[in-house]
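S.K.: Numbering (this note's numbering), first residue to last: 1 to 348. From the three backbone atoms N, C-alpha and C, an ideal C-beta is built for every residue, glycine too.
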Amino acid sequence: MRFLVHALIFCGVYLAVAESLGALIEHLDVPLDDPGTKSIKSDHYRIEKEGFDLLFVGSSRVFRQYHPRLFERKAAELGLELDAYNLGIPGMRFFEALDYVDWILDQDAERLKWIVFELQDPEPTSNEALRFTQRNIRWHSPHFSALAGARVLASDRSWREKVSEVSAHLGQGLLRLSNANTGLALSRSLLGWKYSVPDKTPGGFFPLEMDGKRDVKRRREVFLSELDKDPKFLTKQAKRTAFAIPLEPAPWMLAELGALVERAEACGVEVTFVISPPADHNYVALERVREAAPLPRTFAYDPSKYPLLYYEPELRFDLQHLNLEGAKKLTGLFARQFVRHVRRKGDG
1 MRFLVHALIF CGVYLAVAES LGALIEHLDV PLDDPGTKSI KSDHYRIEKE
51 GFDLLFVGSS RVFRQYHPRL FERKAAELGL ELDAYNLGIP GMRFFEALDY
101 VDWILDQDAE RLKWIVFELQ DPEPTSNEAL RFTQRNIRWH SPHFSALAGA
151 RVLASDRSWR EKVSEVSAHL GQGLLRLSNA NTGLALSRSL LGWKYSVPDK
201 TPGGFFPLEM DGKRDVKRRR EVFLSELDKD PKFLTKQAKR TAFAIPLEPA
251 PWMLAELGAL VERAEACGVE VTFVISPPAD HNYVALERVR EAAPLPRTFA
301 YDPSKYPLLY YEPELRFDLQ HLNLEGAKKL TGLFARQFVR HVRRKGDG
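Quick look at the structure:
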């Protein structure tokens, strides 16, 4: 009996401390992400949020392929003056991107008008390199933890993989719920110690050619090696269409995208979607999402209509990304389409 009483007291104190930490963190807007690209960009946006009309949000295909400064110039040439910032993050997947947009909207920037959101596969698998980091823990709200876990259980993975993945999602969800491992960040904030690093990139854009990391160079070497073996490598790769999501889009995914649009509209922000090339491995599946969901404008780059973005080696850095020249072409193309969309909507 005494043990039970002590256990209940411990749980009560733990919950009280966890809730107090959460309230204080939210009140002080304490940055919790691990050092890296996301924390740098989040800090920059938190400070400069009233300086932007448009944000790009998504994975490395956004980070490496949408040049805000070039986008601004092209849009201005077409009569639309705006300031843009690239919040693309390497390794950011569907659930984390949804949570990130929630965070962006919570910043309550009065100037923000548009969010360009990359449409991705709703892959529930945890990123091994990010498991149990603060970055991964922060998107594991009860809602997204349960949703990701349910998607794993509904997949055709082995039971061993399912147990491993679901355990990871639940574990990170519990850490998020209990505000575990946040004391150091909170202490630094209270003491005025800030470790923020300025974003020195042009508007959050960083082409792969400028990135000297070993794994980036290795991916480039592998890509060139494959092209050297077979000049038709890119064309053949595109034909090996492997759908990462069901042909018929899942209702839950459509509901999440719809909720994203509704919340943004309530904040006075329009969400437009983009299927970023070279996405030939999942393009058809994502097109079905676009057709099935009541989404606003979606910018899609069909390989049959824009073959250079998929099959031209001179515009590719590796199998998954365009190089700087490819990014310039994509950004210019998107700028023209986006300005046309804004004008059409204004006329309507």
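1) Please list the terminal residues of the continuous alpha helix (DSSP H) segment that includes N136.
2) Buried or exposed: which applies to G115, given that a residue is buried once 16 or more other Cβ atoms fall within 10 Å of its Cβ?
3) Write down the C-beta distance between I275 and A292 rounded to the nearest angstrom, noting that I regard them as a contact closer than 8 Å.
4) Please return the same chain residues whose Cβ sits closer than 7 Å to the Cβ of V342, not counting the five positions on each side in sequence.
5) Which stretch, first to last residue, makes up the alpha helix (DSSP H) that contains T37?
6) Would R64 pass as a contact of P207 if the rule is Cβ separation under 8 Å?
7) Quick test of the definition: if touching needs 3 or more C-beta pairs under 8 Å, does the segment 81-96 touch the segment 124-132?
8) Output the boundary residues of the beta strand (DSSP E) element that contains E118.
9) Would you kindly report the start and end of the unbroken beta strand (DSSP E) that includes A410?
10) Can you tell me which of the three DSSP states F206 falls into?
11) By the DSSP assignment, the beta strand (DSSP E) with Y310 in it spans what residues?
12) Apart from the five residues on each side of it in sequence, which residues of its chain come closer than 8 Å, Cβ to Cβ, to A23?
13) By the three-class DSSP mapping on this structure, what secondary structure does L87 have?
14) Looking only at its chain, what residues have a beta carbon closer than 7 Å to the beta carbon of R297, apart from the 5 residues adjacent to it on each side?
15) Looking at the unbroken alpha helix (DSSP H) that takes in E110, where does it start and where does it end?
16) Kindly indicate which residue of W139, R290, A75 and P68 has the alpha-carbon position closest to the one of A84.
17) Judging by CA-CA distance, which residue of Y100, K38, D108 and S39 is the nearest neighbour of F52?
18) Where does R131 sit, in a helix, a strand or coil, going by DSSP?
19) Identify whether T125 lies in helix, strand or coil by the three-state DSSP scheme.
20) If you follow the beta strand (DSSP E) that L54 is in, where does it begin and where does it stop?
21) According to DSSP, is L270 part of a helix, a strand, or is it coil?
22) Pull the bridge partners of L322 from the DSSP assignment, please.
23) Examine the Cβ distances between the segment 215-227 and the segment 309-321 and report whether three or more of them are shorter than 8 Å.
24) With burial defined as no fewer than 16 other Cβ atoms inside 10 Å of the residue's Cβ, what is the status of S39: buried or exposed?
25) Where does the unbroken alpha helix (DSSP H) through P355 begin, and where does it stop?
M.R.: The answer reads as follows:
1) By one-based count along the sequence shown, residue 136 stands at place 136. For N136, the enclosing alpha helix (DSSP H) stretches over residues Q134 to R138.
2) On the sequence shown, residue 115 is found 115 positions in, with the first residue counted as 1. For the sequence presented, residue 115 should be read as Ile rather than Gly. By the neighbour-count criterion, in which a residue is buried when 16 or more other Cβ atoms sit within 10 angstroms of its Cβ, I115 is buried.
3) Working through the sequence shown from its first residue, we reach residue 275 at position 275. Working through the sequence shown from its first residue, we reach residue 292 at position 292. The beta-carbon separation of I275 and A292, rounded to 14 Å, does not stay under the 8 Å limit for a contact.
4) Reading the sequence shown from its first residue, position 342 is the one you call residue 342. Answer for V342: L80, listed in chain order.
5) Stepping through the sequence shown from its first residue, residue 37 is reached at position 37. For T37, the enclosing alpha helix (DSSP H) covers residues T37 to E48.
6) As a position in the sequence shown, residue 64 is number 64, starting the count at 1. As a position in the sequence shown, residue 207 is number 207, starting the count at 1. R64 places its beta carbon less than 8 Å from that of P207.
7) Yes, since at least three Cβ pairs between the segment 81-96 and the segment 124-132 fall closer than 8 Å, the two stretches touch.
8) Residue numbering aside, residue 118 sits at position 118 when the sequence shown is read from its first letter. Segment W114 to E118, the beta strand (DSSP E) holding E118.
9) The first residue shown for the chain is 1 and the last is 348, placing residue 410 beyond what the model contains.
10) Locating residue 206 in the sequence shown gives position 206, counting from the first residue. In the three-state scheme derived from DSSP, where H, G and I count as helix and E and B as strand, F206 is classed as coil.
11) Taking the first residue of the sequence shown as 1, we reach residue 310 at position 310. For Y310, no beta strand (DSSP E) encloses it; the enclosing alpha helix (DSSP H) starts and ends at L308 to Y311.
12) To locate residue 23, count along the sequence shown from 1; it is residue 23. Confidence at A23 is low in this model, with a pLDDT of 44, below 50, so the placement of that residue is unreliable and no value is reported for it.
13) Residue mapping note: residue 87 aligns to position 87 of the sequence shown, counting from 1. DSSP, reduced to helix, strand and coil, places L87 within a strand of the structure shown.
14) By one-based count along the sequence shown, residue 297 stands at place 297. Closer than 7 Å at Cβ, skipping near neighbours: T272 and H341.
15) Translated into positions along the sequence shown, residue 110 becomes position 110. According to the DSSP assignment, E110 belongs to no alpha helix (DSSP H), since it is labelled neither H nor E.
16) Mapped onto the sequence shown, residue 84 falls at position 84. Ranking the options by Cα distance to A84, first place goes to P68.
17) The residue labelled residue 52 in the question sits at position 52 within the sequence shown. Nearest Cα to F52 within the set Y100, K38, D108 and S39: D108.
18) Residue mapping note: residue 131 aligns to position 131 of the sequence shown, counting from 1. Shown here, R131 sits in coil according to DSSP, grouped into three states, outside any helix or strand.
19) One-based indexing of the sequence shown puts residue 125 at position 125. Reduced to three states, the DSSP call for T125 is coil.
20) Translated into positions along the sequence shown, residue 54 becomes position 54. Segment L54 to G58, the beta strand (DSSP E) holding L54.
21) Against the sequence shown, residue 270 aligns to sequence position 270. As written in the sequence, residue 270 is Glu, which differs from the Leu given in the question. Of the three classes helix, strand and coil, the one that applies to E270 here is strand, per DSSP.
22) The count along the sequence shown starts at 1 and reaches residue 322 at position 322. Looking at the DSSP assignment, L322 forms a beta bridge with R316.
23) With three or more CB-CB distances shorter than 8 Å, the segment 215-227 counts as touching the segment 309-321.
24) As a first step, residue 39 is located in the sequence shown; it is residue number 39 there, counting from the start. By the neighbour-count criterion, in which 16 or more other beta carbons inside 10 Å mark a residue as buried, S39 falls on the buried side.
25) As displayed, the chain neither begins before 1 nor continues past 348, which places residue 355 out of reach and without an answer.
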